[in-house]
Amino acid sequence: MRISIQMWKQAQPLLKIPASYLKMEVFNPWRLPKEKVIFIMGATGTGKSRLSIDLATRFPSEIINSDKIQVYKGLHIVTNKVTKEEQCGFPHHLLGIIDPNYDFNAKEFCITATHAVESIHQKGKLPIIVGGSNSYIKSLVLDPKYGFRSRYDCCFLWVDVPVPVLHNFVSQRVDKMVEAGIVDEVRGIFDPNKTDYSQGIRRAIGVPELDPYFRAEKTLDEAGQAKELQLAIQKIKQNTSKLVCRQLEKIHQLKHLKGWELHRVDATEAFRSRSKDQGDEAWEKLVARPSEKVVSRFLCDNSSTTEVATRSMIRTSVEGMDHMLV
Numbered sequence: 001m002r003i004s005i006q007m008w009k010q011a012q013p014l015l016k017i018p019a020s021y022l023k024m025e026v027f028n029p030w031r032l033p034k035e036k037v038i039f040i041m042g043a044t045g046t047g048k049s050r051l052s053i054d055l056a057t058r059f060p061s062e063i064i065n066s067d068k069i070q071v072y073k074g075l076h077i078v079t080n081k082v083t084k085e086e087q088c089g090f091p092h093h094l095l096g097i098i099d100p101n102y103d104f105n106a107k108e109f110c111i112t113a114t115h116a117v118e119s120i121h122q123k124g125k126l127p128i129i130v131g132g133s134n135s136y137i138k139s140l141v142l143d144p145k146y147g148f149r150s151r152y153d154c155c156f157l158w159v160d161v162p163v164p165v166l167h168n169f170v171s172q173r174v175d176k177m178v179e180a181g182i183v184d185e186v187r188g189i190f191d192p193n194k195t196d197y198s199q200g201i202r203r204a205i206g207v208p209e210l211d212p213y214f215r216a217e218k219t220l221d222e223a224g225q226a227k228e229l230q231l232a233i234q235k236i237k238q239n240t241s242k243l244v245c246r247q248l249e250k251i252h253q254l255k256h257l258k259g260w261e262l263h264r265v266d267a268t269e270a271f272r273s274r275s276k277d278q279g280d281e282a283w284e285k286l287v288a289r290p291s292e293k294v295v296s297r298f299l300c301d302n303s304s305t306t307e308v309a310t311r312s313m314i315r316t317s318v319e320g321m322d323h324m325l326v
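Mapping of the sequence shown onto UniProt numbering: residues 1 to 326, in sequence order.
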């Protein structure tokens, strides 16, 4: 099922009301419908980016990256950024735009992401915020200084995969990253005079882990180099698995301690499938379509009788005031 731009625009105000009108008491009893925002959450490797593209093919959307490492330029293999081809022509905001040496923080993310959400809505499209940095999402949604929750209706999709299955997938993905050239990619930014891996893109898993190998490789024979490299690769896998556990812990905190309504979609069968075709079929059936239904219901939420009546009353009030001002 595809939702047209006209249908999803039902979730938006029917008219623009001058700011001076909004200050008048006649508007105080009624609350205007909020704009809609989709969040896609999940641990590293669960297919969040894939789902964001799936939804963008079904709804007129633009995508905002909320991964604190993927915001930086460079290291495409290390950061596992969605490629131009994989983006399928859909605009992606906050993806690979920040200087790799700059220490981008949650406050800057919130300000930039809020601006992106506003610009996407102005185009009549749906913002989809996707990434594994739950601390960024938490700050954006809960910090009162940004007023995000008071301005927007939020729908949270959680792509979930059991930890043992995900750990196995992460291990295989690191092996594929090695085959794709992660070692040479990280070597390109290695500086023997720098030991600080706490800022910028140098925080990315894969960069500090390879540091000992780069420092030792010139003094080792071929067997020693291979052993040191395997230790680095194993460390990358271990730290990625630890990241997965931290991400899931934060998601559970948002669900149980903060009371967020997270729509969980189980991607397990897509990961367990033995062939790509079976995996794609399972993904479409168990992840993409259920997520589409959740979003469809969410976008149509404002079409209740109460909302329609409220809008009608607002329109009538504005028209009446227009006559008074003429």
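No residue lacks a Cβ here, since even glycine has one placed at the ideal position from N, Cα and C. Model, not experiment: these values are computed from the prediction.
Boundaries (first-last residue) of the alpha helix (DSSP H) holding Phe-39:
From DSSP, Phe-39 is part of no alpha helix (DSSP H) but of the beta strand (DSSP E) over 35-41.
Spatial neighbours of Asp-67 within its chain, please: C-beta separation below 7 Å, excluding the five flanking residues on both sides.
The beta carbon of Asp-67 sits closer than 7 Å to those of Gly-131, Gly-132 and Ser-133, all from its chain and outside the five residues before and after it, given in chain order.
Proximal residues to His-256 (C-beta, below 8 Å), its chain only, five neighbours per side dropped: Excluding positions up to five away in sequence, the list is empty.
_Measuring only from the beta carbon, is Val-207 closer than 6 Å to any heavy atom that is part of the ligand GTP?_
Absence of the ligand GTP from the depicted structure is noted, as is the absence of any ligand whatsoever, leaving it without description.
Checking the sheet assignment: what are the DSSP bridge partners for His-92? In the DSSP assignment, His-92 forms a beta bridge with Ile-63.
Neighbourhood of Val-78 by C-beta, 7 Å cutoff - its chain only, sequence neighbours within 5 removed: Counting only Cβ-Cβ distances below 7 Å, and skipping sequence neighbours, we find Ile-182, Glu-185, Val-186, Ala-204, Gly-206 and Val-207.
- Relative to the alpha-carbon of Phe-214, which residue among Ile-201, Leu-231 and Gly-200 has its alpha-carbon at the smallest distance? The residue from Ile-201, Leu-231 and Gly-200 with its alpha-carbon nearest to that of Phe-214 is Leu-231.
**Asked** Of the choices Gly-96, Ser-150 and Glu-35, whose alpha-carbon is the least far from that of Asn-80?
**Response** Nearest of Gly-96, Ser-150 and Glu-35 to Asn-80, Cα basis: Gly-96.
Output the distance between the C-alpha atoms of Lys-194 and Ala-267, rounded to the nearest integer angstrom.
Taking the straight line from one Cα to the other gives about 40 Å.
Let me check understanding here. Comparing Cα to Cα, which of Pro-33, Lys-36, Glu-35 and Met-41 lies closest to Gln-247? Nearest option by C-alpha distance: Met-41.
- Query: Alpha carbon to alpha carbon, how far is Leu-262 from Phe-156?
  - Reply: Computed Cα separation, rounded: 5 Å.
Exercise for the section: Report the rounded CA-to-CA distance for Glu-86 versus Lys-250, giving the unit in angstroms. Expected result: Computed Cα separation, rounded: 28 Å.
| message | Just to confirm the assignment, what range does the alpha helix (DSSP H) spanning Trp-158 have? | response | Per DSSP, Trp-158 belongs to no alpha helix (DSSP H); it is in the beta strand (DSSP E), 152-160.
Worksheet item: Any contact of the stretch 109-117 with the stretch 132-148, i.e. 3+ C-beta pairs under 8 Å?
Response: The answer is yes - the stretch 132-148 touches the stretch 109-117, with three or more Cβ pairs under 8 Å.
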